[in-house]
Amino acid sequence: MPPSPMRAAEHCRTLGGVATTAELLAAGETARSLRAAVVAGTLLRSREGVFVVADAPDGVAAASAHRGVLDCVSAARLHGLWTLDEGAAEPVHVRIPSSRNARVGDRRAVCVANDDGESGCRCVSHRHRMIEPAGRMSVGVVDALAAIRSCKGDEAFVAALESALRQRMLGPHDRERLRASLPANARRLVDFARADAERASNPWCGSVCAGSASACAAR
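Heads up: the sequence shown at position 204 corresponds to 204 in the UniProt record's numbering, and the numbers run straight through without jumps.
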């Protein structure tokens, strides 16, 4: 049977959209079929031994190239959250596996080169202790929110948190885990955030906003 680039992509998609050579071979692919899929453009080789479906969301291949997954606002967008960021100009935020001694909270560094040594990569790396296991493409909603607070500040954090609450992505246990992960002086933000935030006072600007965090952001 000739190699099927579409079948190889579907196998990768079934595995979560990012898969290793070993996983794809175990699924029935061959080295030849994987090469054919790359040539046909249905799979991307993000780094040696790792493939990404060609239609993966923005930033996934870049994150995989850095041996990580989407984090912060990049992960939040993937989960469908409303975010305060630079839009198309926002760099890809990547969660890099941290050392065992990593502290809770982000230590950011803007990459100046990609894994091939080419200049121009603007990925922002995040190294922090995980609250919950990451997926193939990104960290979960709770970790993304914690990273947003550390990286983007209180206003962006509450905007994304209220978006998650409106979409019922966080249960009481998730909310408590998120609260516990934050510095003591930031935990009030989790208590403040509302799923029906139409008339919320804004603790960081000292005013009352007509449309919660999003209204204050529009100022």
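Backbone N, C-alpha and C fix where the C-beta goes; we use that ideal spot for every residue, glycine too.
Residue i (DSSP reduced to helix, strand or coil)
i    : result
H93  : strand
S181 : helix
A19  : strand
L170 : coil
V73  : helix
S4   : coil
V142 : helix
H11  : helix
Own chain residues within Cβ distance below 7 Å of residue i, not counting five before or after
i   : result
R45 : V38 and F51
L81 : A160, S163 and A164
Anticipated Cβ contact below 8 Å, residue i with residue j, distance rounded
i    : j    : result
A134 : R95  : 6 Å
L43  : A9   : 6 Å
V141 : A164 : 6 Å
H66  : C151 : 16 Å between Cβ atoms; not a contact.
Distance between residue j and residue i (C-alpha atoms, nearest Å)
i           : j    : result
G28         : H11  : 9 Å
S74         : H93  : 6 Å
E48         : S125 : 20 Å
A144        : V53  : 22 Å
M137        : A184 : 30 Å
A159        : G68  : 25 Å
L84         : E162 : 12 Å
residue 225 : R127 : In the structure displayed, the chain extends from 1 to 219; residue 225 sits before or after that span and is not available.
T30         : R7   : 11 Å
R166        : I131 : 21 Å
A19         : L170 : 28 Å
D196        : D154 : 18 Å
G87         : A40  : 30 Å
F157        : S64  : 25 Å
A89         : L25  : 37 Å
P5          : G59  : 22 Å
Cβ pair residue i, residue j closer than 9 Å
i    : j    : result
D191 : R177 : no
A147 : C72  : yes
R77  : P57  : yes
Residues near residue i by beta carbon distance below 6 Å, same chain, minus five either side
i           : result
L15         : E23
residue 226 : A query on residue 226 cannot be resolved here, the shown segment of the chain reaching from 1 to 219 and no further.
Cβ-based neighbour list, residue i, same chain, cut-off 8 Å, excluding 5 preceding and 5 following
i    : result
L182 : A146, R149, L189 and V190
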